[in-house]
Amino acid sequence: MNELDKQKINELFSTNSSYEFEYISSCEDDTKKLGKEFAKYIAQGTIITLNGELGSGKTVFLMGIASHFNIQNDVCSPTFTIVNEYTILEDFPIYHFDVYRLKDSDEFLEGVGTEYFYNGACLIEWGDEIISDILPKNTIHIDIQKDVGSPNIRKFKIWRK
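So the sequence shown is residues 1027 to 1187, counted in the numbering used here.
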């Protein structure tokens, strides 16, 4: 990860206004490094959506975040449980959601609720596709695309409305 990419991530977290940049990952290690750099800025109330087809690198990105916080648990997508909780400090949990199996935001509100948004940091797989209408304005969105010609290359579009 170069200094320009680190500066862009710093700028993203330093403002609540609209922001957008792209990052190209050439391998899983690059994706983990991106997650690890993001982890430096994650705080109570941070919400990040991860959007992309199966196998695009959403969970690999989260592994990078987990490595920064020395999370010992295996990081895996909570497809059936909806949420995994990782405790960083006694009063600072990270919630990892996979809302793929939910049909809409009403189902999220009924079964999970938005209190998680304010009680820790939330990393939400498939968030833009399923629950975008209930996400706070300052949510950071990460769209990941596989490169059709190169199986290891991923294009990250990182943005905030």
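Just so you know, even glycine gets a beta-carbon here, dropped at the ideal spot from N, CA and C.
Check whether the Cβ atoms of residue i and residue j lie closer than 7 Å to each other.
i: Y1142; j: Y1121; result: yes
i: Y1049; j: L1060; result: yes
i: D1154; j: T1057; result: no
i: F1118; j: V1109; result: no
i: F1047; j: I1184; result: yes
i: E1063; j: M1027; result: yes
i: F1095; j: I1114; result: yes
i: C1148; j: I1073; result: yes
Our contact map puts residue i next to residue j with C-beta atoms below 8 Å; I'd like the distance itself, whole angstroms only.
i: I1170; j: S1043; result: Not quite, the Cβ-Cβ distance comes to about 23 Å (not below 8 Å), so this is no contact.
i: N1092; j: Y1112; result: The sequence given here has Ala at residue 1092, not Asn. Confirmed, about 7 Å.
i: K1181; j: E1079; result: So it is not a contact: roughly 12 Å between Cβ atoms.
i: T1140; j: I1160; result: 6 Å
Excluding the 5 residues flanking residue i on each side, which residues of the same chain have their C-beta closer than 8 Å to its C-beta?
i: I1157; result: V1125, L1128, D1130, S1131, F1134 and I1150
i: G1137; result: I1108 and L1128
Tell me which same chain residues have a C-beta within less than 7 Å of the C-beta of residue i, skipping the five on either side of it?
i: N1178; result: S1052 and C1053
i: F1039; result: Y1067
i: T1085; result: V1101, C1102 and S1103
i: L1162; result: The sequence shown places Pro at residue 1162, rather than the Leu named in the question. So the list reads I1073 and F1143, once near-sequence residues are dropped.
i: G1146; result: Q1070, F1118, P1119, I1120 and Y1121
Could you check where the alpha helix (DSSP H) with residue i kicks off and where it finishes?
i: M1132; result: It should be noted that the sequence gives Asp, not Met, for residue 1132. Run containing D1132: S1131 to G1137, per the alpha helix (DSSP H) assignment.
i: N1036; result: E1029 to S1040
i: S1082; result: Where S1082 is concerned, there is no enclosing alpha helix (DSSP H), given that its DSSP letter is neither H nor E.
By the DSSP assignment, the beta strand (DSSP E) with residue i in it spans what residues?
i: D1056; result: D1056 -> not in any beta strand (DSSP E); alpha helix (DSSP H) instead, spanning E1054 to A1065.
i: S1051; result: Y1045 to S1051
Name, in chain order, the residues that DSSP records as bridge partners for residue i.
i: R1180; result: S1051 and K1172
i: T1075; result: I1150 and H1167
i: L1115; result: F1118
i: N1145; result: Paired residue(s): none; N1145 is not in a bridge.
i: N1096; result: Answer by DSSP bridge pairing: none, since N1096 is not bridged.
i: F1123; result: V1109 and I1150
Just to confirm my understanding: we take residue i, look at its own chain, exclude 5 residues before and 5 after, and list those with CB closer than 6 Å. What are they?
i: I1097; result: Y1112
i: N1077; result: D1154 and D1169
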